[in-house]
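Have a look at the structure below before the remarks.
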Amino acid sequence: MPERTPTSEHHPPRRPRRETVTYASAHGAGAPGPAGRRPVHPPARSEIDEQTTLGHTYVRSLMRSQLRAALTALGALALLVGSLPLVLALPAPEALVWVALGVGVYPVVWGIAHWYVRRAERNERDFTGLVER
């Protein structure tokens, strides 16, 4: 009679370990990296790279937020420039007109430009944070 080991009697044969296959792992991005960790492939980035409907929605969202910031800045500039003829039509000495243009208008234009650049950078930073997650 053949000898049996005590462990082979009581334990059924082991089933193979299940593995989840994703797009990233199937294309080499899921190979273990340093320290045995698998690199995380952000789904938003792959959606954009693959030009799916969701990726298109992400990009359109960024474009809409950038357009909204640009139109807001343009509207503020249009109000400023549009009101200049009314201000300059007031009876005032010529020196006061130059002071109004130099001290009143240019700092406001600079402020609007500064706000727009900060807003555009924040939109891009938010979008990058979404894609990198």
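To convert, count from 1 in the sequence shown and add 25; that's our numbering.
Note that CB positions come from ideal geometry on N, CA and C, so glycine has one too.
Remember, predicted model here, so these are calculated numbers, not experimental data.
Have a look at the options and flag the residue whose alpha-carbon is nearest the alpha-carbon of residue i.
i: E146; options: A117, M88 and A101; result: M88
i: F152; options: S90, R42 and R39; result: S90
i: E157; options: H139, L96 and Y83; result: Y83
Considering only the beta carbon of each residue, do residue i and residue j sit closer than 8 Å?
i: R144; j: A103; result: no
i: A98; j: Y131; result: no
i: L105; j: V133; result: yes
i: V112; j: A101; result: no
So, helix, strand or coil for residue i, using DSSP?
i: V132; result: Reading the sequence as shown, one finds Pro at residue 132 and not Val. Looking at P132 - three-state DSSP - the assignment turns out to be helix.
i: P38; result: coil
i: T78; result: helix
i: A94; result: helix
i: A117; result: coil
i: R158; result: coil
Three or more C-beta pairs below 8 Å linking the region 121-129 and the region 74-86: As far as the Cβ criterion goes, the region 121-129 does not touch the region 74-86, which means the pair count is below three.
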